[in-house]
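Chemist: For the protein sequence lines, the chains are D and B, in the order given.
Here the first sequence is numbered in our numbering, starting from 1 and rising by one per residue.
Here the second sequence is numbered in our numbering, starting from 349 and rising by one per residue.
Number of protein chains: 2
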Amino acid sequence: MTVAVSRPRPWVRQLILAAGALLSLVLGCGPGGGTHRRTAASSAAPLASWNDGEAKAAILRFVATVTTPGGPGYVPTAERIAVFDNDGTLWAEQPIHFQLAFALDRVRALAPRHPEWRTQEPFNHLLAGDTAAFLAGGEHALAAVMAASHSGMSTDEFAAIVKDWLRTARHPRTGRPYTSMVYPPMLELLDYLRSKGFKTFIVSGGGVEFIRAFADSVYGIPPEQVIGSQGKLRFELRDGKPQLVKLPDVQFVDDGPGKPAAIQTLIGRRPIAAFGNSDGDQQMLEWTWAGTGDRFALVVHHTDAEREWAYDRGSPVGRLDKALEEARSAGWTVVDMKADWKQVFPAE
Amino acid sequence: MTVAVSRPRPWVRQLILAAGALLSLVLGCGPGGGTHRRTAASSAAPLASWNDGEAKAAILRFVATVTTPGGPGYVPTAERIAVFDNDGTLWAEQPIHFQLAFALDRVRALAPRHPEWRTQEPFNHLLAGDTAAFLAGGEHALAAVMAASHSGMSTDEFAAIVKDWLRTARHPRTGRPYTSMVYPPMLELLDYLRSKGFKTFIVSGGGVEFIRAFADSVYGIPPEQVIGSQGKLRFELRDGKPQLVKLPDVQFVDDGPGKPAAIQTLIGRRPIAAFGNSDGDQQMLEWTWAGTGDRFALVVHHTDAEREWAYDRGSPVGRLDKALEEARSAGWTVVDMKADWKQVFPAE
Chain D
1 MTVAVSRPRP
11 WVRQLILAAG
21 ALLSLVLGCG
31 PGGGTHRRTA
41 ASSAAPLASW
51 NDGEAKAAIL
61 RFVATVTTPG
71 GPGYVPTAER
81 IAVFDNDGTL
91 WAEQPIHFQL
101 AFALDRVRAL
111 APRHPEWRTQ
121 EPFNHLLAGD
131 TAAFLAGGEH
141 ALAAVMAASH
151 SGMSTDEFAA
161 IVKDWLRTAR
171 HPRTGRPYTS
181 MVYPPMLELL
191 DYLRSKGFKT
201 FIVSGGGVEF
211 IRAFADSVYG
221 IPPEQVIGSQ
231 GKLRFELRDG
241 KPQLVKLPDV
251 QFVDDGPGKP
261 AAIQTLIGRR
271 PIAAFGNSDG
281 DQQMLEWTWA
291 GTGDRFALVV
301 HHTDAEREWA
311 YDRGSPVGRL
321 DKALEEARSA
331 GWTVVDMKAD
341 WKQVFPAE
Chain B
349 MTVAVSRPRP
359 WVRQLILAAG
369 ALLSLVLGCG
379 PGGGTHRRTA
389 ASSAAPLASW
399 NDGEAKAAIL
409 RFVATVTTPG
419 GPGYVPTAER
429 IAVFDNDGTL
439 WAEQPIHFQL
449 AFALDRVRAL
459 APRHPEWRTQ
469 EPFNHLLAGD
479 TAAFLAGGEH
489 ALAAVMAASH
499 SGMSTDEFAA
509 IVKDWLRTAR
519 HPRTGRPYTS
529 MVYPPMLELL
539 DYLRSKGFKT
549 FIVSGGGVEF
559 IRAFADSVYG
569 IPPEQVIGSQ
579 GKLRFELRDG
589 KPQLVKLPDV
599 QFVDDGPGKP
609 AAIQTLIGRR
619 PIAAFGNSDG
629 DQQMLEWTWA
639 GTGDRFALVV
649 HHTDAEREWA
659 YDRGSPVGRL
669 DKALEEARSA
679 GWTVVDMKAD
689 WKQVFPAE
């Protein structure tokens, strides 16, 4: 039986594009001075942080349709599967994916234990703050940083490292903990869907073990409902005790066409609702939308440069181009963050 | 980032060993005449099909410990994860894994559409009933049969094919539908654990899409709680409609050390109870057993040649050797099917 795994090019390419954003923000300056208007959400009505408009109305209409017993669009509870992208859909992703920020911080934290990095590419450039030289390393440099930060420890150790980072790291522009850069309107949506019998899953291009470190406490999504990109694990006995050790090899890249494949392989049911924000979510949205009966597909469009970031076609991170076109032609719901959301980040 | 996938040798080797059993049973004779004593299970008490004995007592004791609020071994509901092997643990696996029987039947069913198979190895030998020549093809022959029967169709089409086969195929010895060769004591155990707040998962070396075709209706285990070996899927548009097409390449082999790795990657919590029957379950049992707090590990030992089959160390299918030794030295629970189970198969 032949086994072929393609190299994770789209994902690495995205990292490379994203790395351009490192220039001033991660290697250079400290926290910037962005200020965000925030409105406290009332908890009385569902989706209280959503302004009245087509997006909110479409959500309420869909949920009413699939949950009305005896109605023409009724869907049994077991089949109410809703899938959510994470980066840019449930939390922010600018100026670089937060997991890449973690990887870079981790390399700096590990540097004292790796004196050889002072002369070893690409770590020497990263540690010296020479962004241009680091980026010149391309795919190889980024892969080296991901491998150095995401492998060589047990899964238990990695979870502890990520939790510690999430507790202490601050976003360079907002100064907030990364877990305070989640979107309350989406948290309300998760709660609302669950209150209506939906089972909510994350289906992310990010690493599954990274996301699980906060998904339960922040999103109310338990580990077994988090799907993400996977690294290989090696089972071994250390002093007679079983360990799962994270390897630098990629098992599966959960992005683009990988998302519906992962949904089929790991959930085994076609979702009836899908939520994303970038071209990496397009196939997941298509797969969901093409099912029989009532389906819901939603794209979060980042339109709010004042409270968050405004980006779509031209962005190296979370590029939204073809999926936005398809949303418009197919009739998917598009959230205009600036117009549709009363609040973008939680009150501090 | 380098990507390396090892060939699924253990799994293929197991198939080859198992293929020896083809000789008389699958290519040769029709249904044999095995008769099975069956006892109707009372539904009054938990585990009614289990005789009183150490295995049943150990299960009841463990469940009481982890579910007693305020007790020293209490485990919150969300962490009550129980994992079950499928072949030989929840249903029978002799004389060959039922999925291999499906694959061979499928090749025969497809033969009219493949006239080239009449002269193409290994299909020509299989179709001519020349077992020796077929087996001489080794890994390659078996892989060809698996690929021909398990790829080239959409996931929806494959599910329909498996369901159709399960409805019509009969086991060569018992003449029963394969789904009537499940073990009532284990079905009771699944129900009992779920009634105590456990979330039950299948973690099988078999193909995930094959098992899902019956896991919900037969075991009460929904698709999203079935973990198995995975083939690669390709997302494609057919007449503008998204399809997931099954490819002949292996994505992940969920056997041996692959089982704890899959549990970590796909569930993300360490189980507190694990149930298996062969050396392929050893690492899953070790991983479960090594967690902190009260843990439960159980091995089903096939000791009943009259009502089922008696096999362990010497069996090409479901070999139980090292895991049986470890069960005894570590203090895992061993089920003696002949002594512990009032009933092996459901009443017809």
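By construction, the Cβ of each residue, glycine as well, lies at the ideal position given by its N, Cα and C atoms.
Could you tell me which uninterrupted beta strand (DSSP E) segments, each at least 3 residues in length, are contained entirely in the region 71-108 of chain D, listed from first to last along the chain?
Modeler: Fully enclosed beta strand (DSSP E) runs of 3 or longer: 81-84.
Chemist: Give the range of the beta strand (DSSP E) segment to which P242 of chain D is assigned.
Modeler: Residue numbering aside, residue 242 of chain D sits at position 242 when the first sequence is read from its first letter. It spans K241 to F252 - the beta strand (DSSP E) in which P242 of chain D sits, taken as one unbroken run.
Chemist: With DSSP as the reference, label Q631 of chain B as helix, strand or coil.
Modeler: The residue labelled residue 631 of chain B in the question sits at position 283 within the second sequence. Three-state DSSP puts Q631 of chain B in a helix.
Chemist: Quick one: does T613 of chain B have its CB under 8 Å from some CB of chain D?
Modeler: Counted from its first residue, the second sequence places residue 613 of chain B at position 265. Interface residue, yes.
Chemist: Nearest-angstrom Cα distance between Q264 of chain D and T119 of chain D?
Modeler: For the purposes of this step, residue 264 of chain D is identified with residue 264 of the first sequence, where counting begins at 1. For the purposes of this step, residue 119 of chain D is identified with residue 119 of the first sequence, where counting begins at 1. Straight-line Cα distance between these residues: approximately 45 Å.
Chemist: Can you give, in chain order, each stretch of the alpha helix (DSSP H) that sits fully within the region 458-512 of chain B and has at least 4 residues?
Modeler: For the region 458-512 of chain B, whole alpha helix (DSSP H) runs of length 4 or above, ordered along the chain, are 471-476, 479-484 and 486-498.
Chemist: Whole angstroms are fine: how far does the CA of V317 of chain D sit from the CA of L324 of chain D?
Modeler: Taking the first residue of the first sequence as position 1, residue 324 of chain D is located at position 324. Taking the first residue of the first sequence as position 1, residue 317 of chain D is located at position 317. Those two C-alpha atoms are separated by around 15 Å.
Chemist: In the DSSP assignment, the beta strand (DSSP E) including T681 of chain B goes from what residue to what residue?
Modeler: Taking the second sequence and counting its residues from 1, one reaches residue 681 of chain B at position 333. Note, T681 of chain B: beta strand (DSSP E), T681 to D684.
Chemist: Less than 8 Å between the beta carbons of V145 of chain D and A103 of chain D, yes or no?
Modeler: To locate residue 145 of chain D, count along the first sequence from 1; it is residue 145. To locate residue 103 of chain D, count along the first sequence from 1; it is residue 103. Result yes, Cβ atoms of V145 of chain D and A103 of chain D sit closer than 8 Å.
Chemist: Please list the terminal residues of the continuous alpha helix (DSSP H) segment that includes G258 of chain D.
Modeler: The residue given as residue 258 of chain D occupies position 258 in the first sequence. Looking at the DSSP string, the run of the alpha helix (DSSP H) that includes G258 of chain D is G258 to A262.
Chemist: Could you tell me the distance, in whole angstroms, from the CA atom of T522 of chain B to the CA atom of Q442 of chain B?
Modeler: Walking along the second sequence from the start, residue 522 of chain B turns up at place 174. Walking along the second sequence from the start, residue 442 of chain B turns up at place 94. Cα to Cα, T522 of chain B sits roughly 11 Å from Q442 of chain B.
Chemist: Measure the CB-CB distance between L298 of chain D and T333 of chain D and report whether it falls below 8 Å.
Modeler: Within the first sequence, the letter at position 298 stands for residue 298 of chain D. Within the first sequence, the letter at position 333 stands for residue 333 of chain D. Their beta carbons are under 8 Å apart, which means L298 of chain D touches T333 of chain D by this criterion.
Chemist: Looking only at its chain, what residues have a beta carbon closer than 7 Å to the beta carbon of K322 of chain D, apart from the 5 residues adjacent to it on each side?
Modeler: Reading the first sequence from its first residue, position 322 is the one you call residue 322 of chain D. Cβ neighbours of K322 of chain D beyond the five flanking positions: D279 and Q282.
Chemist: What's the call for D688 of chain B, buried or exposed, on a 16-neighbour Cβ count within 10 Å?
Modeler: Within the second sequence, numbered from 1, the residue matching residue 688 of chain B stands at position 340. Label assigned to D688 of chain B: buried.
Chemist: Counting only beta-carbon separations shorter than 8 Å, does T548 of chain B have a partner in chain D?
Modeler: Stepping through the second sequence from its first residue, residue 548 of chain B is reached at position 200. Taking Cβ atoms only, chain D never reaches closer than 8 Å to T548 of chain B, which makes this a no.
Chemist: Can you list, in chain order, the residues of its chain with a C-beta nearer than 6 Å to that of P533 of chain B? Leave out the 5 residues immediately preceding and following it.
Modeler: What you label residue 533 of chain B is simply residue 185 of the second sequence in a count that begins at 1. Answer for P533 of chain B: S397, W398 and W689, listed in chain order.
Chemist: Can you tell me whether H462 of chain B is buried or exposed? The criterion is at least 16 other CB atoms within 10 Å of its CB, across all chains shown.
Modeler: Mapped onto the second sequence, residue 462 of chain B falls at position 114. Classification of H462 of chain B: exposed, given that the 10 Å Cβ count is below 16.
Chemist: To which residues of the same chain is F252 of chain D closer than 8 Å at the C-beta, ignoring the five residues directly before and after it?
Modeler: Position 252 of the first sequence, counting from 1, holds the residue named residue 252 of chain D. Answer for F252 of chain D: S229, Q230, G258 and A262, listed in chain order.
Chemist: Thinking just about the alpha-carbon of each residue, which of B:A403, B:G401 and B:F410 is nearest to the one in A621 of chain B?
Modeler: Within the second sequence, the letter at position 273 stands for residue 621 of chain B. Here the closest residue by C-alpha is B:F410.
Chemist: Check I615 of chain B in the structure and name its three-state DSSP category.
Modeler: Residue mapping note: residue 615 of chain B aligns to position 267 of the second sequence, counting from 1. The answer is helix: DSSP assigns I615 of chain B an H, G or I state.
Chemist: Output, in chain order, the set of chain D residues within a Cβ distance shorter than 7 Å of E469 of chain B.
Modeler: Taking the first residue of the second sequence as 1, we reach residue 469 of chain B at position 121. Correct list: empty, because the minimum Cβ distance to chain D is about 16 Å.
Chemist: Do you know how far the Cα of A64 of chain D is from the Cα of D294 of chain D?
Modeler: Translated into positions along the first sequence, residue 294 of chain D becomes position 294. Translated into positions along the first sequence, residue 64 of chain D becomes position 64. C-alpha separation (whole angstroms): 11 Å.
Chemist: Between Q225 of chain D and F201 of chain D, how many whole angstroms is the CB-CB distance? I'm expecting something under 8 Å.
Modeler: Looking up residue 225 of chain D in the first sequence gives position 225. Looking up residue 201 of chain D in the first sequence gives position 201. So it is a contact: roughly 5 Å between Cβ atoms.
Chemist: Between the alpha carbons of R212 of chain D and S195 of chain D, how many angstroms are there, rounded?
Modeler: Here residue 212 of chain D refers to the residue found at position 212 of the first sequence. Here residue 195 of chain D refers to the residue found at position 195 of the first sequence. The straight-line gap from Cα to Cα measures roughly 22 Å.
Chemist: Are L592 of chain B and L585 of chain B touching if we call contact CB-CB under 8 Å?
Modeler: Indexing the second sequence from 1 puts residue 592 of chain B at position 244. Indexing the second sequence from 1 puts residue 585 of chain B at position 237. No.
Chemist: Measuring only the C-alpha atoms, how far is A388 of chain B from F214 of chain D?
Modeler: Counting from one through the second sequence, the residue named residue 388 of chain B turns up at place 40. Counting from one through the first sequence, the residue named residue 214 of chain D turns up at place 214. Note on A388 of chain B: pLDDT 38, under 50, position unreliable in the model; the coordinate value appears next. The alpha-carbon atoms of A388 of chain B and F214 of chain D are separated by roughly 48 Å.
Chemist: So which residues of chain B does G175 of chain D contact, with C-beta pairs closer than 9 Å?
Modeler: As a first step, residue 175 of chain D is located in the first sequence; it is residue number 175 there, counting from the start. Near G175 of chain D there are no residues of chain B at all, since even the closest Cβ is about 30 Å away, more than 9 Å.
Chemist: Identify every residue that forms a DSSP beta bridge with P542 of chain B.
Modeler: By one-based count along the second sequence, residue 542 of chain B stands at place 194. According to the sequence displayed, residue 542 of chain B carries Arg and not Pro. Answer is none; R542 of chain B lacks a bridge partner.
Chemist: Strictly under 8 Å for the Cβ-Cβ distance: is W91 of chain D near chain B by that measure?
Modeler: Here residue 91 of chain D is taken as the residue at index 91 of the first sequence, counted from 1. No, W91 of chain D does not count as interfacial toward chain B.
Chemist: When you compare only the Cα positions, how much space is there between D85 of chain D and D304 of chain D?
Modeler: If you number the first sequence from 1, residue 85 of chain D lands on position 85. If you number the first sequence from 1, residue 304 of chain D lands on position 304. Computed Cα separation, rounded: 19 Å.
Chemist: Tell me which residues of the region 267-288 of chain D have at least one Cβ-Cβ distance to chain B shorter than 7 Å, keeping chain order.
Modeler: Here the close residues are I267, G268, R269, Q283, E286 and W287.
Chemist: Indicate whether V510 of chain B and F558 of chain B have their beta-carbon atoms separated by less than 8 Å.
Modeler: Within the second sequence, residue 510 of chain B is the residue found at index 162, counting from 1. Within the second sequence, residue 558 of chain B is the residue found at index 210, counting from 1. In contact: V510 of chain B and F558 of chain B (Cβ atoms closer than 8 Å).
Chemist: Between the C-alpha atoms of E696 of chain B and A517 of chain B, what's the straight-line distance to the nearest angstrom?
Modeler: The sequence position of residue 696 of chain B within the second sequence is 348, counting from 1. The sequence position of residue 517 of chain B within the second sequence is 169, counting from 1. C-alpha separation (whole angstroms): 16 Å.
Chemist: Is it true that the CB of G554 of chain B sits closer than 8 Å to the CB of Q691 of chain B?
Modeler: The residue labelled residue 691 of chain B in the question sits at position 343 within the second sequence. The residue labelled residue 554 of chain B in the question sits at position 206 within the second sequence. No, the Cβ-Cβ distance between Q691 of chain B and G554 of chain B is not below 8 Å.
Chemist: Strictly under 8 Å for the Cβ-Cβ distance: is F235 of chain D near chain B by that measure?
Modeler: In the first sequence, counting from the first residue as 1, residue 235 of chain D sits at position 235. For F235 of chain D, the answer is yes, since a Cβ of chain B falls inside 8 Å of its Cβ.
Chemist: Does any CB atom of chain D fall closer than 8 Å to the CB of K670 of chain B?
Modeler: Against the second sequence, residue 670 of chain B aligns to sequence position 322. Closer than 8 Å: no.
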